[in-house]
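Position 49 of the sequence shown, counted from 1, bears residue number 60 in the working numbering, the numbering being contiguous throughout. Ideal Cβ positions, reconstructed from N, Cα and C, are used throughout, including at glycine. Data first, discussion second: the structure below is written as structure tokens.
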Amino acid sequence: MNIINPYRFAAPAGGITRDGLIAEYLFDADSTDTSGSATTHNATLVGDASVSGGVVSLDGTGDYLTVADSSDLEFTDGAGTDEAFSISVWFKSTVAVSAQNLVTKGSTSALNEYQFQTLGGGNAGKLALTIYNGTSSSSNYIYAIGSTAYTINTWHHAVVTYDGSEAGTGIELYLDGSNDTATQAGAGTYTGMAGSTQGLAIGARFSNSYGVFFTGDMDNVRIYKDKELTASEVTDLFNEGHS
């Protein structure tokens, strides 16, 4: 079964950028990393998470994917200097707008790194990225919030980019091919992302145990290191669709 961007008319000339691509999960048959990077970062399915029809399905009650900790998936030198990175994911949530985790790394009970999610509360369903200087209880972090809530049972393409500038103004959010950034800010004194030994999670976040699960389907999860995707490159990813 092919599931594609309904606005897609043709694949982008030359295809999507693979510059800086450090991990890629297309879910064509399993959760293998197909990025071709020097180190393979295969994902492990947890709970009832399953791959079928070219997507990974998560039921929101303990389903997620984990990827072993690696310096490839950390975007800091651990001494106060951040690197640029970008994350791209197609998702279809089957629950009403709410707080759900897309791609995260770190531990809220130890060192927290970055959290790409949809929000709850007054910003319910909107995209957000938070980059932490330490634990989640720390008052030192930078973040950006989108302006548009996702639509239930609808495929959306979400991208976040960060330029490594250690400022909220260096974060951009894109939804369905367009820049959707509404708020760029920070709190306290942010002096660089924390580095931890906690693995990367897709569809959950770690805090003593995994929680705040994503409910629905995901596809074409891509992580770029030392790479801030341009608006044109985001458009290419959106036009590619997913299958």
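Straight-line CA distance for residue i to residue j?
i: D278; j: G133; result: Any property of residue 278 remains undetermined from this structure, which presents the chain solely from 12 to 254.
i: D39; j: D30; result: 22 Å
i: T141; j: Q126; result: 5 Å
i: D191; j: V108; result: 17 Å
i: D174; j: N219; result: 30 Å
i: A178; j: A196; result: 7 Å
i: S97; j: Y185; result: 11 Å
i: G157; j: T129; result: 9 Å
i: A242; j: T172; result: 10 Å
i: S120; j: A160; result: 29 Å
i: S42; j: A212; result: 13 Å
i: F225; j: D93; result: 27 Å
i: Y154; j: E251; result: 28 Å
i: S207; j: T50; result: 19 Å
i: E244; j: K238; result: 11 Å
i: P17; j: H253; result: For P17, the predicted structure reports a pLDDT of 41, less than 50, and the residue's modelled location is therefore unreliable. The matter cannot be settled from this model.
i: L248; j: V232; result: 11 Å
i: T28; j: E183; result: 18 Å
i: N255; j: G58; result: Outside the shown range of the chain (12 to 254) lies residue 255, about which nothing can therefore be said.
i: N164; j: S68; result: 13 Å
i: Y143; j: V62; result: 31 Å
Pick out whichever of the options has its Cα sitting closest to the Cα of residue i.
i: A95; options: Y36, H168, T180; result: T180
i: G261; options: D41, S104, D187, T92; result: Residue numbering for the chain in the displayed model covers 12 to 254; residue 261 lies beyond these limits and cannot be assessed.
i: R216; options: S82, H253, I33, L122; result: L122
i: S82; options: L76, H52, V100, F102; result: H52
i: V114; options: G157, V170, G136; result: V170
i: T194; options: W166, S207, A139; result: A139
i: T246; options: D237, G199, G71, V100; result: V100
i: S48; options: F249, L248, G252, K236; result: K236
i: A110; options: K116, H168, G131, V67; result: G131
i: S176; options: L32, G91, L248; result: G91
i: T87; options: G145, H167, A54; result: G145
i: A60; options: A34, S207, L76, Y221; result: L76
i: T202; options: K238, Y221, D74, E124; result: E124
i: S150; options: G73, F249, M204; result: M204
i: T72; options: S118, V223, H168; result: V223
i: G136; options: A54, D74, K116, H167; result: H167
Could you round the C-beta distance between residue i and residue j to whole angstroms and report it? I think they count as a contact, below 8 Å.
i: I234; j: L84; result: 7 Å
i: Y152; j: G188; result: The pair is not a contact, with the Cβ atoms about 28 Å apart (cut-off 8 Å).
i: V106; j: G210; result: V106 to G210, Cβ: 25 Å. No contact.
i: G89; j: D230; result: Actually they are not in contact, since the Cβ atoms of G89 and D230 sit about 32 Å apart, beyond 8 Å.
i: G266; j: F102; result: For residue 266 there is no data in the structure shown, the boundaries of the chain being 12 and 254.
i: L56; j: S46; result: Not quite, the Cβ-Cβ distance comes to about 18 Å (not below 8 Å), so this is no contact.
Report task. Note down, one range per segment and in chain order, each alpha helix (DSSP H) of at least 4 residues found wholly within the stretch 148-229. Result -> Within the stretch 148-229, no run of alpha helix (DSSP H) at least 4 residues long lies entirely inside it.
Report task. Output the residue ranges of the alpha helix (DSSP H) runs that lie fully inside the stretch 23-77 and measure 4 residues or longer, sorted by chain position. Result -> Whole alpha helix (DSSP H) segments, 4+ residues: zero.
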